[in-house]
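Report on the structure given below.
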Amino acid sequence: MEPGVGLADEKTLVGKVAGKKARAIASIEKKCGTPGQTATDGATIPSGASSDYDTSQIQAYVERVSCATEDLLGRGYNGASTDLAAFNVRVSQGGGSLDAKFPCVGP
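In case it helps, this note's numbering puts the sequence shown at residues 7 to 113.
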């Protein structure tokens with residue numbers, strides 16, 4: 007999960023996105039990670055996992071999917087980046103403008 011974003015913050019857009027990413031990574035690690043390694047959620051990857059990917063590869067794949075989704079949404083809504091920049095993120099989630107939390111949304 008992103009630094010400063012906890013499950014309690016999942017009521018916000020940024021928290022929901024971070025929570026979904028964390029759950030996706032944990033789910034993939036349990037099925038495709040290297041058994042015995044520590045998963046990003048702190049659990050031990052079970053012996054039934056396929057060993058196809060290590061944790062860093064899984065995180066990279068989920069990040070790519072997330073970025074592709076942001077890009078697709080940004081293309082469907084031409085002013086997305088400008089409009090997102092008008093809103094500030096909660097301090098508990100790192101502060102700053104909302105567009106910085108969705109870097110793949112183009113102008």
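Beta carbons are placed, not taken as given, at the ideal position from N, Cα and C, and that holds for glycine.
Ala30 to Asp105, Cα distance in whole Å? Near 22 angstroms, if we compare the C-alpha coordinates of Asp105 and Ala30.
List the whole-angstrom C-beta distance separating Gln63 from Thr46, where the pair is believed to meet the contact cut-off of C-beta under 8 angstroms. Not really, about 12 angstroms apart at Cβ, beyond 8 angstroms.
First through last residue of the alpha helix (DSSP H) which encompasses Thr44: Here Thr44 belongs to no alpha helix (DSSP H), and DSSP marks it neither H nor E.
On the DSSP letters alone, give me the boundaries of the alpha helix (DSSP H) that Val71 sits inside. Where Val71 is concerned, the enclosing alpha helix (DSSP H) stretches over 61-82.
Close Cβ partners of Thr50 (< 7 angstroms) along its chain, the five nearest in sequence each way excluded: Cβ neighbours of Thr50 beyond the five flanking positions: Gly42, Thr44.
C-alpha distance - Cys38 paired with Ser56, whole-angstrom precision: The straight-line gap from Cα to Cα measures roughly 5 angstroms.
Could you check the C-alpha separation between Asp60 and Glu35 for me, to the nearest Å? In this structure, the straight-line span from the alpha carbon of Asp60 to that of Glu35 is close to 8 angstroms.
Between the C-alpha atoms of Ala28 and Val95, what's the straight-line distance to the nearest angstrom? Answer to the nearest angstrom: the Cα atoms are 19 angstroms apart.
On the three-state DSSP scale, how would you describe Ser87? Helix.
Could you round the C-beta distance between Ser87 and Val71 to whole angstroms and report it? I think they count as a contact, below 8 angstroms. The C-beta separation of Ser87 from Val71 comes to about 20 angstroms, leaving the pair out of contact by the 8 angstroms criterion.
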